[in-house]
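In the working numbering, the protein residues as written are 577 to 1052. Below: the structure, in structure tokens.
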Ligand SMILES: [Zn+2]
């Protein structure tokens, strides 16, 4: 099997799809727009899930499960929410061979069913805060889909919390935003910008939406996670009140936050190269692969030597050994590079005689030869180095392609050309935002946190006084 991946320079979109299909991460489903996640892709998602799940538990959340089907009337209760989600709803009208009295929607997100339940569960301030997360699948009827990045059905987690005060809800919203930032940067090796979404980009039903945004290798932005302060909107729609410490009744304050299998797409796009996938070691299902190099004369000796090393490291470093006799080493090298395994360990007859091994890094392709006795220690250090290198490589890419621009002509030139992130002053008027989108296809990704020191600036579009910095980019 000859592997042929379109290069990034040739066609970035095709490169992305080629990697997914050739590395067997996912496949197209017979239903247009939905996706089959294959074992190798699912293993990455499972890694992500387990790290995130412990982060959620460390911050006090518990997992629960709410049903897939939601009465249509629930979705209609919060006015903004239905407006935002109506075009994407899948509706069940028949069940058990009969027309249903009330149609049921397949959850596009679960605020409504969860708040219908919270009404039963929350009576007093003693019931608060209520901190629940669920791992689930979601259906949004997308017209234009792309594997992992935008599919009709996807997997995600959605946190839904209820609080006794506005301040507490805001604190939770930011806490979870920073959990996502930490996960993206420390585990995915993907630097992200954090900030608030503008009115036009926020979640339907939220008071404020915050997101993490990463730059992909084609200099486009990818929204990788969102955290919403829902204010009292859902509590009012579902009439969820609680008795305060003073004996009064007030509506409950809410947040919701989520990341999805889109993160797998982000991970692929952020790090991979023209040889295939590159997985940051902390999320790699297989961290190292041993490839014994042998011929008929030395086969059994090389294999038994390689197996001794394999037994030594397999548990601490989730290692595989490729002792298949059909394929040549060169073929195996390419195949494991395509899979994105961070380190390849080559063991040939000469290495065996000298009691050494060769380690090849997936990120840079560099090889080092080390004494076999040092394998555990060197491998551990190397995996850490690869993790750091991937992060710094991505950070450098973002730095090189981030501009502070004051003239709209220059702004347009960048989006007509190479693209990237542009930081400009913005007056806050949605019309300027809409015009910019129309003329350049760039949207405001975030109003970055902690950057409101702006004085005496003019809006990049209309020139009037601006007190906000906005980060603009074309986005996935
Ligand atoms: Zn303006």
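No residue lacks a Cβ here, since even glycine has one placed at the ideal position from N, Cα and C.
In this structure, the C-beta of residue 1034 stays at least 6 angstroms away from each heavy atom of ligand 1. Annotation for residue 984 indicates a beta carbon at 6 angstroms or more from all heavy atoms of ligand 1.
Looking only at 924, 974, 1044 and 1019, the smallest Cα-Cα distance to residue 988 is reached by 1019.
Here residue 990 is actually not in contact with residue 1036; their C-beta atoms are around 12 angstroms apart, not less than 8 angstroms. Across the set 810, 800 and 635, the C-alpha of 635 shows the shortest separation from the C-alpha of residue 748.
Counting the other Cβ atoms within 10 Å of the Cβ of residue 940 gives fewer than 16, which makes it exposed.
Per DSSP, residue 937 is one residue of the beta strand (DSSP E) stretching across 932–937. Residue pairing by DSSP places residue 711 opposite 733 in a beta bridge.
Beta-bridge pairing by DSSP links residue 786 to 772 and 803.
Burial is judged here by how many other beta carbons sit within 10 angstroms of a residue's own beta carbon; residue 873 has fewer than 16 and is exposed. In this structure the segment 713–732 touches the segment 595–609; the number of beta carbon pairs closer than 8 angstroms is three or more. DSSP lists 935 as the beta-bridge partner residues of residue 944.
Listed in chain order, the non-local C-beta contacts of residue 1032 below 7 angstroms within the same chain number zero, local neighbours out to five positions each way being set aside.
When DSSP states are grouped into helix, strand and coil, residue 825 belongs to the strand group. Nearest neighbour of residue 652 by Cα position, chosen from 702, 731, 780 and 693, turns out to be 780. Buried is the label assigned to residue 770, since at least 16 other Cβ atoms lie within 10 Å of its Cβ. Counting the other CB atoms within 10 Å of its CB gives residue 824 a total below 16, which places it among the exposed residues. Put simply, the segment 651–665 does not touch the segment 628–642. Fewer than three CB pairs are less than 8 angstroms apart. With fewer than three CB-CB distances shorter than 8 angstroms, the segment 832–839 does not count as touching the segment 879–897. If you look at residue 643, you'll find it isn't in any beta strand (DSSP E); DSSP assigns it neither H nor E. Residue 591 and residue 1041 have their C-alpha atoms roughly 43 angstroms apart.
Taking 3 residues as the shortest admissible run, the segment 817–889 contains the following complete beta strand (DSSP E) segments, listed from N- to C-terminal end: 817–819, 825–827, 829–836 and 864–868. For the beta strand (DSSP E) assignment, the uninterrupted runs of no fewer than 3 residues enclosed by the segment 651–715 are, from N- to C-terminal side, 667–671, 674–682 and 706–715.
The closest CA to that of residue 596, considering only 788, 842 and 687, is found on 842. In this structure, 788 is the residue among 788, 750 and 690 with its C-alpha nearest to the C-alpha of residue 761.
Contact check for residue 690 against residue 642 passes: the beta carbons are separated by less than 7 angstroms. Residue 671 counts as exposed, since fewer than 16 other beta carbons sit within 10 angstroms of its beta carbon.
The nearest non-hydrogen atom of ligand 1 is less than 6 angstroms from the C-beta of residue 1037. Of the candidates 767, 648 and 897, the residue whose Cα lies closest to the Cα of residue 798 is 767.
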